[in-house]
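Residues in the sequence shown are numbered consecutively from 97, following this note's numbering.
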Amino acid sequence: MQLDLSRHVAADPATVWAVLTDIPSAHLTLSGVLAVEILTDGPYEPGLRWRETRKMFGMKSTEEMMVLAAEPPNATTIVAESGGTEYKTVFTITPDADGGSTLRMRFGAHTAHAPAASRVAMMVMGRFAERSTRRAMEQDLADIAAEAERRVG
Numbered sequence: 097m098q099l100d101l102s103r104h105v106a107a108d109p110a111t112v113w114a115v116l117t118d119i120p121s122a123h124l125t126l127s128g129v130l131a132v133e134i135l136t137d138g139p140y141e142p143g144l145r146w147r148e149t150r151k152m153f154g155m156k157s158t159e160e161m162m163v164l165a166a167e168p169p170n171a172t173t174i175v176a177e178s179g180g181t182e183y184k185t186v187f188t189i190t191p192d193a194d195g196g197s198t199l200r201m202r203f204g205a206h207t208a209h210a211p212a213a214s215r216v217a218m219m220v221m222g223r224f225a226e227r228s229t230r231r232a233m234e235q236d237l238a239d240i241a242a243e244a245e246r247r248v249g
């Protein structure tokens, strides 16, 4: 599964970056995140790890996330793995002529190492899972935009 989403944000890239990378406050910013547990100390940089609990498909799910790459204030890559499925999310922030920004999110889920039963379930549930994931990620982008716009007043 691969999703590409984007949203205009009426805030400069530095402000959007500050919201996006404020992992300790993610549960306050992102309505879909129930809890965050930081696993490594330090700033937002490659190697930072945390557990993020969300409600997906009617159930709580906790995944360990890790920053793979960070290029402030323009791009970051976050990875996770669960049950043999590898997840990769790339965020890019580009300045717009109006002083705002475009926030883009590319999400991919790759099931190559998942057990056969998981791959079959993904094929069967694929469209439903994609729609639900798209809605959750669109909400994340809306929540990030709202917080960034609130910060610039």
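Think of the CB as a built atom: it goes at the ideal place given N, C-alpha and C, for glycine as much as any other residue.
Anticipated Cβ contact below 8 angstroms, residue i with residue j, distance rounded
i, j, result
"residue 101", "residue 234", "6 angstroms"
"residue 169", "residue 113", "3 angstroms"
"residue 124", "residue 150", "About 14 angstroms; that fails the 8 angstroms criterion."
"residue 250", "residue 232", "There is simply no residue 250 to check, as the chain begins at 97 and stops at 249 in what is shown."
"residue 148", "residue 159", "6 angstroms"
"residue 165", "residue 187", "Rounded, the Cβ-Cβ distance is 10 angstroms, inconsistent with contact."
"residue 162", "residue 185", "Between residue 185 and residue 162 the Cβ distance is about 11 angstroms, and since that is not below 8 angstroms, they are no contact."
Residue(s) in a DSSP beta bridge with residue i
i, result
"residue 99", "203"
"residue 183", "176 and 205"
"residue 167", "171"
"residue 238", "For residue 238, which the question treats as bridged, DSSP gives no partner whatsoever."
"residue 150", "129 and 157"
"residue 162", "145 and 175"
"residue 228", "Answer by DSSP bridge pairing: none, since residue 228 is not bridged."
"residue 134", "146"
"residue 191", "197"
Continuous alpha helix (DSSP H) stretch holding residue i: start and end
i, result
"residue 110", "109-116"
"residue 106", "Careful: residue 106 lies outside any alpha helix (DSSP H) and carries neither H nor E."
"residue 124", "122-125"
Taking contact to mean at least 3 C-beta pairs separated by less than 8 angstroms, is the stretch 121-138 in contact with the stretch 103-113? Taking 8 angstroms as the limit for Cβ pairs, the verdict is that the stretch 103-113 does not touch the stretch 121-138.
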